[in-house]
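Report on the following structure.
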Amino acid sequence: MTDALPASLLLRFAALFYDLLVLIAVWMAIAALVLLAFDGDVDVADQPPLYHFVLQASLLVATASYFLVSWMHGGQTIGMRAWRLRIVSTTGPRLPLARAALRFGVALVSLLAGGAGFLWCLADPQGRAWHDLAADARMVREPKV
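Quick note on numbering: my numbering labels position 36 of the sequence shown as 1496, and the sequence is numbered without any gaps.
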């Protein structure tokens, strides 16, 4: 897939929006389970500090798992499938766990930097964002079948 076109920034954000819809449902289920585990009330101000830590850690682990599993097995999240996008490794057929985790971590930094890492794909000749560069991968647009 080295001749595939790089994914545009607009398509990246469209896929991310679709993935966000999936993640919101997952986050709601996790929040409900954590709330049940703490015999909690909906008023989170009354919850102990451990509740907040467990909730945030659970949400981060679930989010990371969603992306890592998707990228390592098939190279696509649900949102990426809708827009025919795929993560391809530049060194092999699959993105290994360590590089997928690095990609996720750098993508978080990119978001925290106001999206600067995503905007980088506009300047990169191969259309790679910071997290693509860090993971030695590319996000490409698959042709219509």
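Quick reminder that beta carbons are idealized off the backbone N, C-alpha and C, glycines included.
_To the nearest angstrom, how far is the alpha carbon of S1570 from that of A1505?_
Locating residue 1570 in the sequence shown gives position 110, counting from the first residue. Locating residue 1505 in the sequence shown gives position 45, counting from the first residue. Straight-line Cα distance between these residues: approximately 30 Å.
*Where M1488 and P1466 are concerned, what is the direct C-alpha to C-alpha distance, given to the nearest angstrom?*
Here residue 1488 refers to the residue found at position 28 of the sequence shown. Here residue 1466 refers to the residue found at position 6 of the sequence shown. Whole-angstrom Cα-Cα distance: 33 Å.
*At which residues does the beta strand (DSSP E) containing A1597 begin and terminate?*
Taking the first residue of the sequence shown as 1, we reach residue 1597 at position 137. Per DSSP, A1597 belongs to the beta strand (DSSP E) from A1597 to R1601.
*Starting from S1518 and walking both ways along the alpha helix (DSSP H), at which residues does that stretch end?*
Here residue 1518 corresponds to residue number 58 of the sequence shown, with the count starting at 1. Start and end: P1509 to M1532.
*Between the Cα of L1471 and the Cα atoms of V1494, Y1526 and M1540, which residue gives the shortest distance?*
Start at 1 with the first residue of the sequence shown, and residue 1471 comes out as number 11. Taking only the C-alpha atoms, the option nearest L1471 is M1540.
*asked:* In the DSSP assignment, the beta strand (DSSP E) including S1468 goes from what residue to what residue?
replied: Here the question's residue 1468 lines up with position 8 in the sequence shown. Unbroken run through S1468: none, as it is neither H nor E.
*Under a Cβ-count criterion, where at least 16 other Cβ atoms within 10 Å of its own Cβ denotes burial, should A1475 be classed as buried or exposed?*
To locate residue 1475, count along the sequence shown from 1; it is residue 15. Buried, since its Cβ has 16 or more Cβ neighbours within 10 Å.
*Round the Cβ separation of W1531 and V1566 to the nearest angstrom and send it over; I've been treating them as touching at under 8 Å.*
Position 71 of the sequence shown, counting from 1, holds the residue named residue 1531. Position 106 of the sequence shown, counting from 1, holds the residue named residue 1566. Wrong, their Cβ atoms sit about 13 Å apart, outside the cutoff.
_Same chain, Cβ closer than 8 Å to L1557, neighbours up to 5 away in sequence not counted_ = For the purposes of this step, residue 1557 is taken as residue 97 along the sequence shown, with counting starting at 1. The residues are L1528 and M1532.
_Sequence-distant residues of its chain with Cβ nearer than 8 Å to L1469 (five each side left out)_ = By 1-based counting over the sequence shown, the position of residue 1469 is 9. So the qualifying residues of the chain are F1578, L1579, C1581 and L1582.
*Collapsed DSSP secondary structure at R1559 in the structure displayed*: Position 99 of the sequence shown, counted from the start, is the residue given in the question as residue 1559. Three-state result, R1559: helix.
*asked:* Can you look up V1548 in the DSSP assignment and give me helix, strand or coil?
replied: Walking along the sequence shown from the start, residue 1548 turns up at place 88. Three-state DSSP puts V1548 in a strand.
*Would you mind working out which of I1547, F1498 and L1572 sits nearest P1508, comparing C-alpha positions?*
Here residue 1508 refers to the residue found at position 48 of the sequence shown. The candidate whose alpha carbon is nearest that of P1508 is F1498.
*Could you round the C-beta distance between Y1478 and V1494 to whole angstroms and report it? I think they count as a contact, below 8 Å.*
Along the sequence shown, one-based indexing puts residue 1478 at 18. Along the sequence shown, one-based indexing puts residue 1494 at 34. No, Y1478 and V1494 are not in contact; Cβ-Cβ is about 25 Å, not under 8 Å.
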